[in-house]
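**Student:** Using numbering that gives the first Met the number 0, read the sequence shown as starting at 0 and increasing by one per residue.
Virtual Cβ for every residue (Gly too), placed ideally from N, Cα, C.
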Amino acid sequence: MEKYKGNIIHPTAIIHPSVKMGEGNYIGAFTILDEKVEIGNNNHIGSHCIIGDLGESIAFFDKEKKGVIIGDENRFTKQVTIDSGTLEPSVIKNNTLWLKNAHAGHDCIVGNYSQLRCNAIIGGHVIVGENVRINLGVIIHPRVNILDGCIFGMGAIVTKKIKLLEKGIYVGNPAKLLKIAN
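#1: State the Cα-Cα distance for the pair I7 and R116, rounded to the nearest angstrom.
#2: Report all residues from its chain with a CB closer than 6 Å to the CB of D33; omit the five preceding and five following residues, and keep chain order.
#3: Who does V109 pair with in a DSSP beta bridge?
#4: Considering only their Cβ atoms, is the gap separating V127 from I150 smaller than 7 Å?
#5: Skipping 5 residues on each side, what residues in its chain have a beta carbon closer than 6 Å to that of V131?
#6: In the segment 145-174, which residue ranges form an unbroken beta strand (DSSP E) of at least 3 residues, counting only runs that do not cross its ends?
#7: Between the C-alpha atoms of L98 and C48, what's the straight-line distance to the nearest angstrom?
#8: Quick check on this structure: which residue in L163, I161, V170 and P141 has the alpha carbon closest to the alpha carbon of G152?
#9: Can you give me the C-alpha to C-alpha distance between G23 and E37, rounded to a whole angstrom?
#10: Please determine, among G66, I133, N93 and H102, the residue with the shortest C-alpha to C-alpha distance to N111.
#11: Here's the rule: buried if 16 or more other CB atoms are within 10 angstroms of the residue's CB, otherwise exposed. What is I88?
#12: Does the beta-carbon of F60 have 16 or more other beta-carbons within 10 angstroms, so that it is buried, or is it exposed?
#13: Rank N118, L135 and G21 by C-alpha distance to the C-alpha of G5 and give the top, closest one.
#14: What distance in whole Å lies between the Cβ atoms of I91 and I69, which are believed to be in contact at a cut-off of 8 Å?
#15: Go ahead and label K35 buried or exposed: buried means 16 or more other beta carbons lie within 10 angstroms of its beta carbon, across all protein chains shown.
#16: Could you give the residue range of the beta strand (DSSP E) that holds G51?
#17: Identify, in the order they occur along the chain, each residue of the same chain with its Cβ nearer than 6 Å to the Cβ of G154, setting aside the five sequence neighbours on each side.
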């Protein structure tokens, strides 16, 4: 990832005064960083992203936001949304990749080196392990724990009933185990 001195922030970006930001970050056009967002170092946040907005949980519409914590070396291309936590902050660890229209619901945790490809959606309270790949158009039901190394094929629908295995490759609707990755 390209390194910047200081932070480069597009003049149309809206950054709440409470945002804490490290060094070497790029913030693109029309991006919104809402209150209680913390960003580490060397992150690239493309245009039209919304990070830290109110979680989509009716039970918490009148509650205080808990925020979003983003680690280091993450890349968010464009139109990515990450909701504020409702009970605890949502957490994005390090070296993750988020492609256009990827979404993380409230209270999510996304582990190191994981990827959410275009139009991938993870519901609230989802925990994503390390080195997970959630491909094009995958939907993960709320409160699912994704184990390290899992891969979800295009358009897979992951329900709460599925028993996930570490390094499992899953496809279909509902998602079923195809094989275990090497």
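**Tutor:** From the atom records:
#1: Distance between the alpha carbons of I7 and R116 is about 25 Å.
#2: For D33, where only same-chain residues beyond five positions count, the Cβ hits under 6 Å are H15, G51 and D52.
#3: DSSP, once it has assigned bridges, lists I91 and V127 as partnering V109.
#4: In this structure, V127 does not lie closer than 7 Å to I150 by Cβ.
#5: Non-local beta-carbon contacts of V131 in its own chain, meaning distances under 6 Å to residues more than five positions away in sequence, involve S113, I145 and C149 in chain order.
#6: If we require 3 residues or more, the beta strand (DSSP E) runs fully inside the segment 145-174 come out as 167-170.
#7: If you take the alpha carbons of L98 and C48, they lie about 11 Å apart.
#8: Among L163, I161, V170 and P141, the Cα nearest to that of G152 is on V170.
#9: G23 and E37: Cα-Cα distance of roughly 14 Å.
#10: A check of alpha carbon separations from N111 across G66, I133, N93 and H102 identifies N93 as the nearest.
#11: Sequence inspection shows Pro at residue 88; the Ile mentioned does not correspond to that position. Flag for P88 reads buried.
#12: If you draw a 10 Å sphere on the C-beta of F60, you find fewer than 16 other C-beta atoms in it, and that means exposed.
#13: Checked all of N118, L135 and G21; the closest Cα to G5 is G21.
#14: Between I69 and I91 the beta-carbon gap is near 5 Å, inside 8 Å, which marks them as a contact.
#15: With 16 or more Cβ atoms within 10 Å of its Cβ, K35 is classed as buried.
#16: That run of the beta strand (DSSP E) goes I49 to D52.
#17: Contacts found: G136.
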